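Read the structure below first, then the notes.
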Amino acid sequence: MHDEPWQLAPQLKKEYIQQLAQLLVQVRGEVIDRHEPELGDTRLSLGMRAYECCRSRITFKDDDGDWPWLSIITNDGRFTFAIDGVPVRFSRNDPKNLPDRKIIPSQEGYEQMCMFEHVNDYAHIRWFLIIDTPYDTPVEHAYFVGYNELKEIICKWEIPLSDQVPVMSDVNKGKPQAVKVPPAKAKLKLVSKKEDKNENDK
Numbered sequence: 001m002h003d004e005p006w007q008l009a010p011q012l013k014k015e016y017i018q019q020l021a022q023l024l025v026q027v028r029g030e031v032i033d034r035h036e037p038e039l040g041d042t043r044l045s046l047g048m049r050a051y052e053c054c055r056s057r058i059t060f061k062d063d064d065g066d067w068p069w070l071s072i073i074t075n076d077g078r079f080t081f082a083i084d085g086v087p088v089r090f091s092r093n094d095p096k097n098l099p100d101r102k103i104i105p106s107q108e109g110y111e112q113m114c115m116f117e118h119v120n121d122y123a124h125i126r127w128f129l130i131i132d133t134p135y136d137t138p139v140e141h142a143y144f145v146g147y148n149e150l151k152e153i154i155c156k157w158e159i160p161l162s163d164q165v166p167v168m169s170d171v172n173k174g175k176p177q178a179v180k181v182p183p184a185k186a187k188l189k190l191v192s193k194k195e196d197k198n199e200n201d202k
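In this text, residue positions in the sequence shown follow full-length UniProt numbering: the first is 1, and each later residue adds one.
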């Protein structure tokens, strides 16, 4: 098994992968920080919101043109983006237990892979940026993993997350405890009898 994706596909530069991972870590942290079970949020709603927000932010990055190496191949369904032309998907899973359905590329992703098959023996690797963490906690580990069509891991690189944006709160953080505040003392303004008489005469 290979340790570094850029050894198999030179387009997959280390700094590109790290920038994408940082974006997903940040977005996931923001979503978790806004998760409110008291309002009816569930594990399903958290997962769907995290996925959709990550998908949208990757799309925004492509629209902004900040990362010229980033492009969108399949926007709906099996959402697929590309790093300098190489198809990539993202998922929250244990890398060893990627669901079978995810290994199936989108039609556009498959066509893109075929474009490189004559110049790269590893063109048909299914590349994933994988977040490996419980559903309700900030990101603990992230990997860039390449699978063959049989879902065997060909390449696995753990992405350094030392510079990740800290999350302000956890999903299961309890409500703040109520604090008793003594009532404010009422203060009466002293009015002289003369002033009081004048007020009543108006």
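Cβ coordinates follow ideal geometry from the N, Cα and C atoms, glycine included. Every value quoted in this text rests on a predicted model; they were computed, and no experiment measured them.
Is it right to say residue 10 is buried, meaning 16 or more other beta carbons lie within 10 angstroms of its own, or is it exposed? Residue 10 is exposed by the Cβ-count criterion.
DSSP has residue 91 in a bridge; who is on the other side? Its beta-bridge partners are 130.
If you draw a straight line from the alpha carbon of residue 16 to that of residue 92, how long is it in whole angstroms? One C-alpha to the other measures close to 19 Å.
Which value, in whole angstroms, describes the spacing of the CA atoms of residue 37 and residue 110? When rounded, the distance between both Cα atoms is 39 Å.
Of the residues 31, 45, 77, which one's Cα is nearest the Cα of residue 107? The candidate whose alpha carbon is nearest that of residue 107 is 77.
Buried versus exposed, by CB contacts within 10 Å (16 or more), residue 176: Here residue 176 scores only 43 on pLDDT, less than 50, and its place in the model should not be relied on; the value that follows carries that caveat. That one is exposed.
Compare the C-alpha of residue 105 against each of 30, 96, 143, 124 and name the closest. Scanning 30, 96, 143, 124 for the CA closest to the CA of residue 105 turns up 124.
Starting from residue 157, follow its DSSP beta bridges and name the residues at the other end. For residue 157, the beta-bridge partners assigned by DSSP are 144.
Other residues of its chain near residue 135: CB distance less than 8 Å, five sequence neighbours each side excluded: So the list reads 43, 46, 47, 92, once near-sequence residues are dropped.
With contact counted as at least three CB pairs below 8 Å, one residue from each stretch, are the segment 47-65 and the segment 144-158 in contact? Verdict: no, contact absent.
Residue 142 and residue 25 look like a contact to me (Cβ under 8 Å); what is the Cβ gap, rounded to whole Å? Residue 142 to residue 25, Cβ: 7 Å. Contact.
For residue 114, count neighbouring C-beta atoms within 10 Å of its own C-beta (all shown protein chains included) and say buried if the count is 16 or more, exposed if not. So residue 114 ends up on the exposed side.
Beta-bridge pairing of residue 86 - partner residues as DSSP gives them: Per DSSP, 83.
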